[in-house]
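This report refers to the structure that appears directly beneath it.
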C-alpha cells in the first residue's frame, strides 16, 4: 500500500513569541480551511486582502503554520490506531522519542515530564502489531518500558481543533467544505486510482498547492484536479490540516491527561472534552485509563483550574497528568529539528 514520507514542520529556531491578534485569527482561519483563499479569509475577518495575504504568507514562510493534506489512515491501509506511552533510560528520552517520531506509522510524538517520558499516536495493520510493538519499537536503544493502549475511537483531533480566536459565525462563513466528523471515519481500505494517490502525495507536501499546480504534477487538467480533490475532501478521505505550535497562538502550556472513569461515565466525559476549546486531542482507550486528552492552555494556573474544576473532572475517578515539553511530530509532520 502506498505510504507517504513525513514532511518537515519548520519550527522557528527559538521558542516563538505569541502572535498578535490578527495573525492568530489568520491561523485560526487556516485551521477551519487550510485551502481558503486570502480573499475569502480577508472578507470574513474584515481586513484588507493585501494585509491578510502578506501576513498569511509570512506565517507560512516562517514556519509558524504548515498546511498539509492528511489521508484517512484507516482507508489508506495504515490499520488501526494505538496510543503508545513509554519510559526511557536516563538521557535517552529525546533520542527514543525522535526514533519513534521518524517512523511512518507515527502520527504524533510528544516528549513528556511525568510518569511517562513520551506519548505517541501510532497506526498499525493487524498483521504488523507483534513485530512493530514487541520487536521493532521495544528494540530501540534506551527504551525501558512500553505500554500500548488500543484506541477505541477519537473524540477530537487536530482536525477539529478550534482554539477560540474566531466566532462561530466566522467559522461557518469560512467552512466551504463541511468538516467530516468523526474523522477518521469507520471504513475499509480503498484502492485509489494512481492519480488520486498522486494528488494525496502532492497535498501532503503542501496543502495549499493551486489546482493548476496539482494538475500539472499529476497529469490532470486544473478542473479535474479540483473536482477530485474536493470529492476526496467531502468524502473525508483527505483532510487539509493546519499545524502550528500552540505557544504561537498564546497556549504555551501543554499536558497529557490520563483519565480513569466508570464505564457509564465515559461518554459523558468524552462529550465534555469534545466541547472544550483547550482540548486539542482526546481519545477513548482500552486499558487502565479509559480516556486521554491533550490540553493546551496559556499558563500553569489555567492548567490547575482545569484539573481542579472543569465539568468533566466530576465524572473521573482518577487523573494522571504529564507536561508536554517538546513535540517532535504533529499530524504526520516532523519537527524541523529532526532533519534526516
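Numbering (full-length UniProt numbering), first residue to last: 1 to 340.
Every residue gets a Cβ at the ideal spot worked out from N, C-alpha and C, and that includes glycine.
Keep in mind it's a predicted model, so treat the numbers as computed, not measured.
Endpoints, beta strand (DSSP E) assigned at residue i
i, result
"residue 138", "No beta strand (DSSP E) holds residue 138; DSSP gives it neither H nor E."
"residue 243", "238 to 244"
"residue 316", "316 to 330"
"residue 81", "80 to 88"
"residue 216", "From DSSP, residue 216 is part of no beta strand (DSSP E) but of the alpha helix (DSSP H) over 211 to 218."
"residue 282", "279 to 285"
"residue 258", "253 to 261"
"residue 65", "65 to 71"
"residue 288", "Neither: residue 288 is in no beta strand (DSSP E) and is coded neither H nor E."
Endpoints, alpha helix (DSSP H) assigned at residue i
i, result
"residue 31", "21 to 32"
"residue 309", "300 to 309"
"residue 101", "93 to 101"
"residue 338", "Per DSSP, residue 338 belongs to no alpha helix (DSSP H) and is neither H nor E."
"residue 224", "222 to 234"
"residue 41", "38 to 45"
"residue 195", "194 to 205"
"residue 269", "266 to 275"
"residue 52", "49 to 61"
Buried/exposed call for residue i, threshold 16 Cβ in 10 Å
i, result
"residue 89", "exposed"
"residue 6", "Residue placement at residue 6 is flagged as unreliable, the pLDDT there being 44, under the threshold of 50; the coordinate-derived value follows with that caveat. So residue 6 counts as buried."
"residue 34", "buried"
"residue 82", "buried"
"residue 2", "The pLDDT assigned to residue 2 is 36, lower than 50, so where the model puts this residue is not dependable; a value taken from the coordinates is nonetheless given after this. So residue 2 ends up on the exposed side."
"residue 23", "buried"
"residue 256", "buried"
"residue 13", "Residue confidence for residue 13 is low, a pLDDT of 40 falling below 50, so the modelled location carries little weight; the figure read from the coordinates is stated next. Per the 10 Å Cβ criterion, exposed."
"residue 160", "buried"
"residue 167", "exposed"
"residue 210", "exposed"
"residue 215", "buried"
"residue 69", "buried"
"residue 200", "buried"
"residue 97", "buried"
"residue 246", "buried"
"residue 15", "Unreliable positioning characterises residue 15 in this predicted model, as indicated by a pLDDT of 46, which lies under 50. The coordinate reading is nonetheless provided below. The residue in question, residue 15, is exposed, as its Cβ has fewer than 16 Cβ neighbours within 10 Å."
"residue 318", "exposed"
"residue 105", "buried"
Through-space distance from residue j to residue i, alpha-carbon basis
i, j, result
"residue 19", "residue 142", "37 Å"
"residue 129", "residue 316", "30 Å"
"residue 155", "residue 278", "14 Å"
"residue 109", "residue 133", "15 Å"
"residue 326", "residue 112", "7 Å"
"residue 336", "residue 205", "14 Å"
"residue 291", "residue 258", "6 Å"
"residue 207", "residue 328", "20 Å"
"residue 321", "residue 192", "41 Å"
"residue 85", "residue 266", "21 Å"
"residue 52", "residue 41", "7 Å"
"residue 313", "residue 268", "10 Å"
"residue 311", "residue 181", "23 Å"
"residue 122", "residue 64", "25 Å"
"residue 67", "residue 184", "18 Å"
"residue 115", "residue 147", "12 Å"
"residue 61", "residue 55", "10 Å"
"residue 99", "residue 87", "14 Å"
"residue 346", "residue 39", "Here the chain comprises residues numbered 1 to 340, so residue 346 is not present and cannot be evaluated."
"residue 131", "residue 274", "34 Å"
"residue 281", "residue 330", "11 Å"
"residue 157", "residue 102", "20 Å"
"residue 28", "residue 177", "16 Å"
"residue 174", "residue 153", "27 Å"
"residue 119", "residue 95", "13 Å"
"residue 202", "residue 71", "11 Å"
"residue 300", "residue 48", "37 Å"
"residue 21", "residue 309", "28 Å"
"residue 230", "residue 270", "30 Å"
- Message: Below 8 Å, how does it come out for the stretch 251 to 265 and the stretch 285 to 303: are there three or more Cβ pairs, yes or no?
- Response: As far as the Cβ criterion goes, the stretch 251 to 265 touches the stretch 285 to 303, which means the pair count is three or higher.
- Item | the stretch 30 to 49 contacting the stretch 230 to 247, beta-carbon criterion three pairs below 8 Å | Yes: at least three Cβ pairs fall under 8 Å.
- Item | Segments assigned alpha helix (DSSP H), at least 4 residues, entirely inside the stretch 114 to 187 | 168 to 174
- Could you tell me whether the stretch 255 to 268 touches the stretch 216 to 223, where touching means 3 or more Cβ pairs closer than 8 Å? Contact between the stretch 255 to 268 and the stretch 216 to 223 is absent, because fewer than three Cβ pairs lie under 8 Å.
- Between the stretch 181 to 189 and the stretch 57 to 75, do at least 3 Cβ pairs fall closer than 8 Å? yes
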